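Per the UniProt record's numbering, the sequence shown starts with residue 1, numbered consecutively. Note that the Cβ used here is the ideal one computed from N, Cα and C, for glycine as well. All values derive from a computational prediction rather than experimental measurement. Beneath this line is the structure, given in structure tokens, with notes to follow.
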Amino acid sequence: MARNLLTVAAVLLAAGLALGSPDAALLSLIPLFAYSLNAWMEPPKIAVFKRRVGSQVEIIIESDRKPGIIYIYEAAPINAPVRPLRRRVFKPPFRRILKIQYYMVEKSQPLPLVAESYNPAFTKRRTAVYTEEPRLDASPEPRGPGVEEFLEVRPYQPGDPVKLINWKAFAKTGELYVNTRIGPETRSAVVVVDARRLRSLVIAEAVRAAEILSEKGYDVVYYVLGHGLAPSLPRSFTPSCEGSPPCGDVTVYVGSLADVCLLLKCKPAYYIDVAGVNSLVAVKRLKLYRELRAAGAEVLRGAEELRRAV
């Protein structure tokens, strides 16, 4: 598109000079103005996700309302014998979600999925990366000292710590069981995910909060409103305001606090407002922040603030 505009401008200018017509030469300003407008425009902000649908892989791209061109490829090593296949997608204006399906060979060590967005003139670029956990092709190494050991499982009862839930038993039976612990105790953390608004940003902040808590030595589980407990964020779910998350030694609520689904009764409790980095938004929500602090919670304006809080 940008090359075509410059070509049209050059043709009009050359024709005007050849014919001695200033009016025809001035017409070249129209495509030049269109090109400068496209070159000034910011590329769309994007977030990329991947999930398996039958025998195919579906790539989901969430973005803002700006138009642009998006390239998708797997980040192969520099010394790879073959360059990665790049898929090109046009992002129409006002369209927020793009979905692409294709066949892809499973790998034991999945490569990062890269999405690059450009403005229509290809003068500015943004990049988003989706990483997938590697699949183990061998039995895991024996766990070292200080790791909890378990004798047996029993049915879950209200008040049992979330960190003791046996997820393998839950996957097989669909019912909650907890481990009877005999080893040293570890601390647990619950990250409550409210993705009704700004879903991609909420998911990114929730993952970052979980990483920070893990670095601090917590066993982290997610509670996705509308989905329930999960050891990791589910690939697909329908966000809602339904759910009753359990308490951990630390409980973190991540969402856009335009409205809060529930008031956590856990101690300590932290609310991360993903839209709070915008000062104007934060000012409008000062009343809500005061109410949450009055209830004993702490309000943070980003996951990085959690590092200093816990």
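Among the options, the one whose alpha carbon lies nearest that of residue i
{"i": "V202", "options": "K124, Y271 and A34", "result": "Y271"}
{"i": "L164", "options": "L85, R52, P84 and G248", "result": "G248"}
{"i": "E58", "options": "A206, K99, A24 and G68", "result": "K99"}
{"i": "A297", "options": "V252, A204, L17 and A282", "result": "V252"}
{"i": "E242", "options": "S21, V250 and L263", "result": "L263"}
{"i": "V162", "options": "A34, K265 and V220", "result": "V220"}
{"i": "G174", "options": "P31, Y156 and M41", "result": "Y156"}
{"i": "Q56", "options": "M41, S36, Q101 and L37", "result": "Q101"}
{"i": "P92", "options": "P110, L111 and D64", "result": "D64"}
{"i": "L85", "options": "F94, E62, A295 and A115", "result": "A115"}
{"i": "V89", "options": "Y118, L225 and G20", "result": "Y118"}
{"i": "P268", "options": "K172, A25, L292 and N179", "result": "L292"}
{"i": "N179", "options": "R51, K172, S188 and D160", "result": "D160"}
{"i": "residue 311", "options": "G20, K124 and T7", "result": "It is not possible to answer for residue 311, since the shown part of the chain is limited to 1 through 310."}
Distance between residue j and residue i (C-alpha atoms, nearest Å)
{"i": "K66", "j": "I46", "result": "10 Å"}
{"i": "P43", "j": "A121", "result": "10 Å"}
{"i": "P245", "j": "A275", "result": "22 Å"}
{"i": "A76", "j": "R87", "result": "14 Å"}
{"i": "R83", "j": "L113", "result": "14 Å"}
{"i": "W40", "j": "Y73", "result": "26 Å"}
{"i": "F49", "j": "L280", "result": "30 Å"}
{"i": "L37", "j": "G16", "result": "23 Å"}
{"i": "L233", "j": "E62", "result": "17 Å"}
{"i": "A282", "j": "A18", "result": "60 Å"}
{"i": "R96", "j": "D23", "result": "41 Å"}
{"i": "V260", "j": "P110", "result": "37 Å"}
{"i": "A25", "j": "I60", "result": "45 Å"}
{"i": "L198", "j": "G68", "result": "20 Å"}
{"i": "R290", "j": "K172", "result": "44 Å"}
{"i": "N278", "j": "H227", "result": "29 Å"}
{"i": "S21", "j": "T7", "result": "19 Å"}
Cβ-based neighbour list, residue i, same chain, cut-off 6 Å, excluding 5 preceding and 5 following
{"i": "residue 312", "result": "Nothing can be reported for residue 312: it is not among the residues displayed for the chain, which extend from 1 to 310."}
{"i": "C266", "result": "C247 and T251"}
{"i": "L5", "result": "P31, A34 and Y35"}
{"i": "I212", "result": "L306 and R307"}
{"i": "V147", "result": "Confidence is the limiting factor: at V147 the pLDDT is only 48, short of 50, which leaves the residue's position unreliable and the question unanswerable from this model."}
{"i": "Y223", "result": "V190, V192, L229 and P245"}
{"i": "F94", "result": "R65"}
8 Å CB neighbourhood of residue i in its chain, flanking five on each side removed
{"i": "L300", "result": "Y270, Y271, I272, D273, G276, L306 and A309"}
{"i": "Y177", "result": "V153, R154, P155, Y156, I165, N166, A169 and F170"}
{"i": "R51", "result": "V57, E58, I60, R235 and S236"}
{"i": "V53", "result": "Q101"}
{"i": "P231", "result": "W167, V221 and Y222"}
Cβ neighbours of residue i in the same chain (closer than 7 Å, five flanking residues each side left out)
{"i": "A303", "result": "E205, R208, A209, I212 and I272"}
{"i": "A295", "result": "L263"}
{"i": "S200", "result": "A47 and E62"}
{"i": "S188", "result": "P161, V162, K163, Y218, D219, G248 and D249"}
Any non-hydrogen atom of the ligand MN closer than 7 Å to residue i Cβ
{"i": "E175", "result": "Of ligands this structure carries none, so the ligand MN is not represented either."}
Do the stretch 244-256 and the stretch 185-196 touch if we need at least three Cβ pairs shorter than 8 Å? With the cut-off at 8 Å, the stretch 244-256 and the stretch 185-196 touch.
Those runs of the beta strand (DSSP E) which lie wholly inside the stretch 190-261 and span at least 3 residues: 218-224, 228-230 and 250-255
Within the chosen definition, does the stretch 284-303 reach the stretch 219-238 through at least 3 CB pairs nearer than 8 Å? no
Three Cβ pairs or more, each shorter than 8 Å: is that satisfied between the stretch 213-224 and the stretch 118-129? no
Segments of 3+ residues assigned as beta strand (DSSP E) that fall wholly inside the stretch 31-70: You should have 46-53 and 56-63.
Return the chain-ordered ranges of every beta strand (DSSP E) run that is complete within the stretch 150-179 and spans a minimum of 3 residues. 150-155
Output the residue ranges of the beta strand (DSSP E) runs that lie fully inside the stretch 256-309 and measure 3 residues or longer, sorted by chain position. 269-273 and 298-300
Tell me the start and end of each unbroken beta strand (DSSP E) in the stretch 93-131 that is at least 3 residues and wholly inside, in chain order. Listed in chain order, the beta strand (DSSP E) runs fully inside the stretch 93-131 are 97-102, 113-118 and 125-130, counting runs of at least 3 residues.
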